[in-house]
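Counted the way mature numbering (1 follows the signal peptide of the UniProt record, and there is no 0) counts, the sequence shown spans residues -20 to -1, 1 to 543. Glycine residues also receive a C-beta, built at the ideal position from the N, C-alpha and C atoms. Remarks on the structure that follows.
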Amino acid sequence: MKLISGLAAVALAASTLAQAVPATAATSAQAADAAGDWIAAEVPVALAGGAFTYNPGQLIDAGLALSATGHQAEAEDVSEALDPFLVTTEKDQYGYVKADEYEFVAPYTKLGTGRYANPTAKATAFTLRAGLDPATQYSDVDLEAQLEDLTNDTTGRIEDDSTYGNYANNIGQGFAVEALANLESTETAKATDALLAQQCPAGFFPLDVDEPCATSPSQPDVTALVVISLVESGLTTPAVTEAIADAADWLESLQLADGSFPGDGGAAGANTNGTGLGGWALGEAGRSTAAAEAGAWTRALQVSDAGACATQAPTGAIAYNAEDFAAGRANGLGTARNTWRIASYQAAPALAWAPAASGPLAISTPATAAGSSTVTATVTGLAAGEYGCITFGSTARSVKGTGAPVTETFTLPAGPGSSTFTVTTLTDTKSSTTTVPAPTAPTANPTPTPVPVVVPTGSLKASKVELVRKNKVRLGVKCVGTETCEGRLVVRSKKAVGTGADAKRIVVARAAYSVEAGTKDTLVLKVRRAARPALQKGRLRVVATQSANGADTVRTAFWLKKA
């Protein structure tokens, strides 16, 4: 959409999202709220500077945006500020009347008397969206009665009552249908039929009444505004429902791959006015995916520079295009401030459909890394079009979210120490630390520790059941290796023997032995007298324990049985 003024500014209307805000994540709501906060702060400044003197329609645009972003009290304030613009005979320094019966006036254009349908319809629709009564809200005019009076009882079309002819167009007709429907006027049906009759077979609405479809230039903003008004009207007849669907199909067919909309007439260079209105209309029409893409593209031109990345542009403001965005960040708004205002009025409502982040804000870097090496910081939790600021020491970099992880590389200091990386948005801050370890000091060759001499005990050879003959048992010991196997052998009962308090494990036999390396020997052990009664009762489970100084203890279990 072009930034225009004068009578054509009637077309620059916006609708309310407050009554139809989709359930999106907090980041979307915060973006829309930030835009509303900035607009609310700018309206008094613009009023004091006379920004609306010849373009009071822009004041309504501001009010519609405020209502759309949930700033209803401020929208009511706009309605009060609008009152002096509706009917006035005030003249400027050249003797020309500034406005008459709420006319949008180009500077220094002399007016006759008249009542104008487009502005009347727009003001009435805005007043209703602000939750006020258009019949009684203003000092010198009953907008409800005036709108009905300017609606032709036969054709349903709105028409100017002016010596300068009739300048009513289809945007004004859309506002009229919205207002008349919400006022439950008897004029609603014919006004609606008159509007729908203007829709072209392709689905779009031309600006001028009865404009030939074949030669009408592509003006997506006109169709977007009509769609918004039809949705706001609350009408759900099959004809209205079909008209909204066809118009939404046409808008989607124009949308570019990055989510933006081309300028009027297909001109190159997308902007937030047209894209904001297109996304807003698609969102109202239930095309949430397309609306999200337009919302993300719009959010990327909204100032949300946080922390050390704060710029000269004010938080929440929306630039008209990428060039204005870059200039505003670098140098402030300056003489382009009103351009930023108008862009924000039109674009802010679309932010409510911008996609949410996939998860909470976070930043990750390697836990450790070498000095002077390059490390990658990965940021997650930035929604598409949302800005974050990564700081590392004195370095600050602005990064734009894509809906996926965003990465930036940094070079670590040469020496040991910890480096902190922080990502900051308007609502959150997260950090990650990477440590460069101190170099490890070389260690001196340690004094060798004497290796203790381990005396092997040999391998005890015992069958599962060894027989006891004449109170003697024979066990074999095999010595493998190059050292003599020496040790002590003690055979004990595996379990306690006896009854009651007298039950205990008993020593069955014991002996010392020495077996030459590479040989085997047979040990003859004499069963001790105390163990003999246990053998008289049957088999006795025993454990033979081999031990020697400096050697591991070895245990072997088997049975003893009297032969």
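- The shortest C-alpha to C-alpha distance from A171 to any of D201, V448 and D129 is the one to D129.
- For the set A328, T427, D188 and D304, the Cα lying nearest the Cα of N98 is the one of D188.
- The beta carbon of A302 lies closer than 8 angstroms to those of L281 in the same chain, with the five residues before and after it left out.
- Look at Q282 here: in three-state DSSP terms it is strand.
- The way I'd put it, the region 270 to 280 does touch the region 334 to 341; three or more beta-carbon pairs between them come closer than 8 angstroms.
- According to the DSSP assignment, Q526 belongs to the beta strand (DSSP E) that extends over L520 to S527.
- DSSP places Y493 in the uninterrupted beta strand (DSSP E) bounded by V487 to V495.
- Relative to the Cα of A237, the nearest Cα in the group A271, L210 and A261 belongs to A271.
- Contact between P396 and P417 holds, since their C-beta atoms are separated by about 6 angstroms, short of 8 angstroms.
- Counting only the Cα atoms, I40 lies some 30 angstroms from Y367.
- Residue environment analysis places Q516 among the exposed positions, since fewer than 16 neighbouring C-beta atoms fall within 10 angstroms of its C-beta.
- Contact between A497 and T462 holds: CB atoms are separated by about 5 angstroms, below the 8 angstroms threshold.
- Non-local beta-carbon contacts of A227 in its own chain, meaning distances under 6 angstroms to residues more than five positions away in sequence, involve G183, T203 and V207 in chain order.
- R535 and A424 have their C-alpha atoms roughly 42 angstroms apart.
- Two segments are said to touch when three or more pairs of C-beta atoms, one from each, lie closer than 8 angstroms; by this definition the region 311 to 319 does not touch the region 382 to 397.
- C369 carries a strand assignment under DSSP once its states are collapsed to helix, strand and coil.
- DSSP links C465 through a beta bridge to V495.
- Only buried fits C465, as 16 or more other CB atoms lie within 10 angstroms of its CB.
- Contact between the region 50 to 63 and the region 15 to 27 is established, with three or more Cβ pairs separated by less than 8 angstroms.
- Counting of Cβ neighbours within 10 angstroms places G243 among the buried residues, the total reaching 16 or more.
- Bridge partners of L503 according to DSSP: L455.
- Here A307 is not near L406, since their CB atoms are 8 angstroms or more apart.
- Straight through space, the alpha carbons of W320 and D229 are spaced by roughly 30 angstroms.
- Burial is judged here by how many other beta carbons sit within 10 angstroms of a residue's own beta carbon; R512 has fewer than 16 and is exposed.
- For S213, the enclosing alpha helix (DSSP H) starts and ends at P200 to S213.
- DSSP, reduced to helix, strand and coil, places R267 outside both helices and strands of the structure shown, so it counts as coil.
- The DSSP-derived three-state label of G395 is coil.
- Shown here, V386 sits in a strand according to DSSP, grouped into three states.
- Rounded to the nearest whole angstrom, the CA to CA distance from N150 to S338 is 40 angstroms.
- Within the same chain, Cβ atoms closer than 7 angstroms to the Cβ of D141 are found at G94, R95 and L130, the five residues on either side in sequence being excluded.
- For N35, the number of other beta carbons within 10 angstroms of its own is at least 16, and it is reported as buried.
- Here A219 is exposed. Its C-beta has fewer than 16 other C-beta atoms within 10 Å.
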